[in-house]
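Residue numbers (our numbering), protein chains in the order written: chain A, 343 to 498; chain B, 343 to 498. Just so you know, even glycine gets a beta-carbon here, dropped at the ideal spot from N, CA and C. Note that the structure is predicted; figures quoted are calculated from it, not measured. Shown next, in structure tokens, is the structure this report addresses.
2 protein chains.
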Amino acid sequence: MVKRLDDSSTPPLLTHIGWSLWRASDHWLRAFRARMVGAGYSWFSEARANVIPHIDRAGTQQAVLAERMGLSKQAIQQFVDGLVADGVVQRTPDPADARARIVTFTPEGLSVLAAANRAKKSIEADYATRLGKARFDQLSKALVELNESLGDSTDE
Amino acid sequence: MVKRLDDSSTPPLLTHIGWSLWRASDHWLRAFRARMVGAGYSWFSEARANVIPHIDRAGTQQAVLAERMGLSKQAIQQFVDGLVADGVVQRTPDPADARARIVTFTPEGLSVLAAANRAKKSIEADYATRLGKARFDQLSKALVELNESLGDSTDE
DNA sequence: AGATATAGTCTAGTTGCTTGACTATAGGGA
DNA sequence: TCCCTATAGTCAAGCAACTAGACTATATCT
Numbered sequence: 343m344v345k346r347l348d349d350s351s352t353p354p355l356l357t358h359i360g361w362s363l364w365r366a367s368d369h370w371l372r373a374f375r376a377r378m379v380g381a382g383y384s385w386f387s388e389a390r391a392n393v394i395p396h397i398d399r400a401g402t403q404q405a406v407l408a409e410r411m412g413l414s415k416q417a418i419q420q421f422v423d424g425l426v427a428d429g430v431v432q433r434t435p436d437p438a439d440a441r442a443r444i445v446t447f448t449p450e451g452l453s454v455l456a457a458a459n460r461a462k463k464s465i466e467a468d469y470a471t472r473l474g475k476a477r478f479d480q481l482s483k484a485l486v487e488l489n490e491s492l493g494d495s496t497d498e
Numbered sequence: 343m344v345k346r347l348d349d350s351s352t353p354p355l356l357t358h359i360g361w362s363l364w365r366a367s368d369h370w371l372r373a374f375r376a377r378m379v380g381a382g383y384s385w386f387s388e389a390r391a392n393v394i395p396h397i398d399r400a401g402t403q404q405a406v407l408a409e410r411m412g413l414s415k416q417a418i419q420q421f422v423d424g425l426v427a428d429g430v431v432q433r434t435p436d437p438a439d440a441r442a443r444i445v446t447f448t449p450e451g452l453s454v455l456a457a458a459n460r461a462k463k464s465i466e467a468d469y470a471t472r473l474g475k476a477r478f479d480q481l482s483k484a485l486v487e488l489n490e491s492l493g494d495s496t497d498e
């Protein structure tokens, strides 16, 4: 029950798009986690929530996860360690490369995916109701376009 | 030079609004920090960037900062410790309350504020160019509206 | 066959937070 | 007026989410 900032005295000059983006993103993450915890997945942290959608059904190497997420392979390893400990994924040898191991979902892990999908849809429906379907779609499209345009700008 | 994820193999099913929001917000934070570091403020971390706009010119108590930001007072204290060490803010006694101390900007701190404002405007201009002014304004408005609607939903 | 790159692991350290325990002052009754 | 409780700030310890460095085993290039 962390105190939120909405309910307090007037904060100064926080009305730029970066703030708006952060607020919205932060709320989404919270809502998502709340739903997952509510569905019984109380081990579901934000960082783990990020890893999971990058693992595909056929399994994925840790190094690939690291590359996809833009994190060090050590970070990935720690997340995978945790997910293995909680029975969500498992490591199996990669038949094509004896150095590598493939991270795959356990049956339990697949149920997490399904729950995550439900949570995602539920939040999207909520947002669409708040804004109206047309404006929600507009917002989504504008964000996707912005992200695509941004895709390869500052880094690289 | 952290690896970004744009440049790698195809990731699965990441096309919901939460992801879009996170991506955009993450990019904004990065762009902001890059500009501040480029302007010579290399101590400028993301967390500190969050604290600074909540301090008003007349000075603000730490407890107020904690409430505004939704963080523990210990967290605020650590940030303020760091900002004091880097000469950005200072702690002065509160004449109205002998328990309290007021956090105010040093002259150096005020120059940071100005630089931050420039960085903010520069990023906004960039985004507006990418999307077109009309669509950018639309996006901003939709985000503000969404945040306001969300303001008091899951927590409290 | 040898040089070099890559997948994963281990160790150790940093940052951004948290809770718990404590001191000093404030403010409201009895 | 004394006491009780709430509040501002601080200190210490600990957890989560990372990072960089060093190492092993295997793969790949020449």
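The alpha helix (DSSP H) enclosing residue i, as first and last residue numbers
{"i": "V445/B", "result": "It is not in any alpha helix (DSSP H) - V445/B instead sits in the beta strand (DSSP E) that spans 443-447."}
{"i": "A375/B", "result": "Residue identity differs from the one stated: residue 375/B is Arg in this sequence, not Ala. Here the alpha helix (DSSP H) through R375/B covers 359-380."}
{"i": "S414/B", "result": "Element bounds for S414/B: n/a, residue is neither H nor E."}
{"i": "A484/A", "result": "475-492"}
{"i": "V393/A", "result": "388-393"}
Cutoff 9 Å: residue i Cβ touching any chain A Cβ
{"i": "S367/B", "result": "yes"}
{"i": "Q480/B", "result": "yes"}
{"i": "R433/B", "result": "no"}
{"i": "I418/B", "result": "no"}
{"i": "Y383/B", "result": "no"}
{"i": "F386/B", "result": "no"}
{"i": "R390/B", "result": "no"}
{"i": "G424/B", "result": "no"}
{"i": "S453/B", "result": "no"}
For residue i, the three-state DSSP class (helix, strand or coil)
{"i": "P435/B", "result": "strand"}
Below-9 Å beta-carbon distance, residue i vs any chain B residue
{"i": "K462/A", "result": "yes"}
{"i": "R477/A", "result": "yes"}
{"i": "F421/A", "result": "no"}
{"i": "G360/A", "result": "yes"}
Residues of the stretch 438-450 of chain B whose Cβ lies closer than 8 Å to any Cβ of chain A, in chain order: The residues in question: there are none.
Contact residues within the stretch 483-494 of chain A, judged by C-beta distance below 8 Å to chain B: Those would be A484, L485, V486, E487, L488, N489, S491, L492, G493, D494, in chain order.
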